[in-house]
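**Student:**
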Amino acid sequence: MLAYTYLEHGKFELIEKPKPVILDDRDAIVKVTLASICSSDLHIKHGSVPRAAPGITVGHEMVGVVVETGSAVTSVRPGDRVTVNVETFCGECFFCQHGWVNNCTDQNGGWALGCRIDGGQAEYIRVPYADQGLDKIPDAVTDLQALLVGDVLATGYWAANISEITADDTVLIIGAGPTGLCTLQCVRLYHPKRIIICDIDENRLAFVQKHYPDVLTVTPENLQEYVCEHSEHGGADVVIEVAGSHDSFRMAWECARPNAIVTVVALYDGPQILPLPEMYGKNLTFKTGGVDGCCCKEILQLIADGKIDTVPLITHTVALKDIARGYELFEHKRDGVIKVAVTVN
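Each residue of the sequence shown is one higher than the one before, starting from 0 at the first, in numbering that gives the first Met the number 0.
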């Protein structure tokens, strides 16, 4: 089968690999129908994910059809259309039992697909712990509608959920890329008083203005002043930082009001500075880390109910054989790209 593979630092290539097989009775084999390209794939390419293993098929956002299951799998069967969770989790350890599936103690727990074990930018994928890692797509939901559920949309849902948003809040989202736009949709489920989204890219802000006209948009240059003008207590009540840029962490805590919640889900290329003397007295609560993506079933229902729609984020589509072109578009932000879907025959 064809599989887009991490060969070495800075180099991905589409190569032939054997079709995956069942290795454990809790595995399933899924024929991929649609995949997508994520910023985390670029982090692997450029060496920002040291645990990523050369030789691994990349890709951790995909949907497909189950073709084979291990003898212990009970939640799906061959023929089911499914989303694939970015995280591998056993469902039984201390962390899984508390919903902290990103910290599953299995040797491949957490983000493994497309990082430490073969991912889904390929014709087929083996999914460990299939009862946890696969969710059936409702009949009323298309593959395209479900494509982002297992990773970037799960990230936005988790970020909004842990941010303790109330109806009185001003919520600031830093970053209007795919993760920021998914976070925006999930924040809107909580109906806060005001949402502000910040990005350096005017095209992305124009996308927000077109699709979410009630959301305020701003560039970083005058962000702190703008947030203060559009909030009641000297800053945002909740800040969700998804940009992961050189300055975005500082912007996040600077724009937060005293006693605010700052939720950081961005993946950075390097260490960030926590300047506690400058923060002293703001009494901020920081919530950080990777997504606990165990709410995919709920997200699929929200899509079926028309409360979330990420299809407009899919601005470009390429075939698997042309995936390198999709990466070039995505990495260099050409042609107004937000998200690239990869079709797999």
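Beta carbons are placed, not taken as given, at the ideal position from N, Cα and C, and that holds for glycine.
To the nearest angstrom, how far is it from the Cα of E60 to the Cα of H232?
**Tutor:** In this structure, the straight-line span from the alpha carbon of E60 to that of H232 is close to 39 Å.
**Student:** Look at L33 and L143 and say whether their C-beta atoms are less than 9 Å apart.
**Tutor:** yes
**Student:** Hey, quick one: how far does the beta strand (DSSP E) through Y5 stretch, first residue to last?
**Tutor:** Here the beta strand (DSSP E) through Y5 covers L1 to E7.
**Student:** Using CA atoms only, rank isn't needed, just tell me which of G63, D334, F88 and H42 is closest to C146.
**Tutor:** This sequence places Leu at residue 146; Cys is not what is there. When C-alpha distances from L146 are compared across G63, D334, F88 and H42, the shortest belongs to G63.
**Student:** What is the DSSP secondary structure of R25, counted as helix, strand or coil?
**Tutor:** Reduced to three states, the DSSP call for R25 is coil.
**Student:** To the nearest angstrom, how far is it from the Cα of H8 to the Cα of W157?
**Tutor:** 31 Å
**Student:** Report the three-state DSSP secondary structure of W99 (helix, strand or coil).
**Tutor:** coil
**Student:** Taking the C-alpha atoms as reference points, what is the distance between L152 and I161?
**Tutor:** 14 Å
**Student:** Taking the alpha helix (DSSP H) that R115 belongs to, which residues open and close that run?
**Tutor:** Neither: R115 is in no alpha helix (DSSP H) and is coded neither H nor E.
**Student:** Are there 16 or more other CB atoms within 10 angstroms of the CB of N101, so buried, or fewer, so exposed?
**Tutor:** By the 10 Å Cβ count, N101 comes out buried.
**Student:** Name the residue from D150, L22 and Y189 whose alpha carbon lies nearest to the alpha carbon of T68.
**Tutor:** L22
**Student:** Pick from A242, L112 and S74: whose alpha carbon is nearest that of G54?
**Tutor:** Taking the Cα of G54 as reference, the smallest distance to any Cα among A242, L112 and S74 is reached at L112.
**Student:** Taking the alpha helix (DSSP H) that N258 falls in, what are its first and last residues?
**Tutor:** Looking at the DSSP string, N258 is not in any alpha helix (DSSP H); the run it does join, the beta strand (DSSP E), is A255 to V263.
**Student:** Looking at K44 and K398, is the spacing between their C-beta atoms short of 9 Å?
**Tutor:** Residue 398 is absent from the model: the chain starts at 0 and stops at 344.
**Student:** Would a C-beta distance cut-off of 9 Å place V170 and D246 closer than the cut-off?
**Tutor:** no
**Student:** Near P177, what residues of its chain come up, given a Cβ to Cβ distance below 7 Å and the 5 sequence neighbours on each side ignored?
**Tutor:** V151, L312, I337 and K338
**Student:** In chain order, what residues of the same chain lie with their CB nearer than 6 Å to the CB of T56, ignoring the 5 residues before and after it?
**Tutor:** A2, T4, D117, G118 and A121
**Student:** Tell me whether the beta-carbon of V140 lies closer than 9 Å to the beta-carbon of W110.
**Tutor:** no
**Student:** Going by the beta-carbon positions, is the gap between Y128 and V29 smaller than 9 Å?
**Tutor:** no
**Student:** Hey, quick one: how far does the alpha helix (DSSP H) through A323 stretch, first residue to last?
**Tutor:** That run of the alpha helix (DSSP H) goes I322 to E330.
**Student:** Starting from the C-beta of L319, find all residues in its chain whose C-beta is less than 8 Å away, skip the five residues before and the five after it, and write them out in chain order.
**Tutor:** L1, Y3, L13, A34, Q120, A121, E122, V341, T342, V343 and N344
**Student:** Tell whether a beta-carbon distance below 9 Å holds between M250 and C197.
**Tutor:** yes
**Student:** Nearest to T284 by alpha carbon, out of L299, A259 and G305?
**Tutor:** If we check each option's Cα against that of T284, A259 comes out closest.
**Student:** Out of curiosity, what's the CA-to-CA distance linking Y189 and D167?
**Tutor:** 10 Å
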